[in-house]
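In the working numbering, the protein residues as written are 9 to 106.
Some notes on the structure that comes next.
Dropping the structure here:
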């Protein structure tokens with residue numbers, strides 16, 4: 009990650025690679041339709057939770073074509089907490105509410 013942050017101030021990525029299922033569809037049949045047959049795509053924060061000292065935040069970023077909310081994750085270089093929070097505030101003010 010250090011190499012990435014030599015060229016970029018922050019990493020912007022989806023919070024999840026898929027939208028959450030509607031509550032009434034959250035069953036084994038739905039899970040079987042997912043690319044890897046699990047809810048693994050719902051958690052793209054795990055990597056950054058395990059990498060120490062890389063600040064990250066997630067914020068609402070609108071809605072997918074199916075109407076469900078999606079999130080934007082901002083990850084900063086080591087100890088750049090204030091920068092990540094500033095970027096989050098800027099993104100939040102420029103994105104319409106979900």
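Glycine included, each C-beta is placed from N, C-alpha and C at the ideal position.
Quantities reported herein were computed from a predicted structural model and do not represent experimental measurements.
Following the continuous alpha helix (DSSP H) through residue i, name the residue where it begins and the one where it ends.
i	result
residue 40	36–41
residue 98	89–102
residue 66	Segment 64–71 is the beta strand (DSSP E) holding residue 66; no alpha helix (DSSP H) there.
residue 12	12–15
Considering residue i, what are the terminal residues of the beta strand (DSSP E) in which it resides?
i	result
residue 79	77–84
residue 21	18–22
Hey, how far is the Cα of residue i from the Cα of residue j?
i	j	result
residue 75	residue 16	32 Å
residue 68	residue 88	21 Å
residue 85	residue 62	6 Å
residue 78	residue 70	6 Å
residue 18	residue 52	16 Å
Can you give the beta carbon distance from residue i to residue j, rounded, assuming they're within the 8 Å contact cut?
i	j	result
residue 92	residue 65	6 Å
Determine the closest residue to residue i out of the options, with distance taken between C-alpha atoms.
i	options	result
residue 42	56, 27, 31	27
Do the stretch 90–103 and the stretch 22–29 touch if we need at least three Cβ pairs shorter than 8 Å? Taking 8 Å as the limit for Cβ pairs, the verdict is that the stretch 22–29 does not touch the stretch 90–103.
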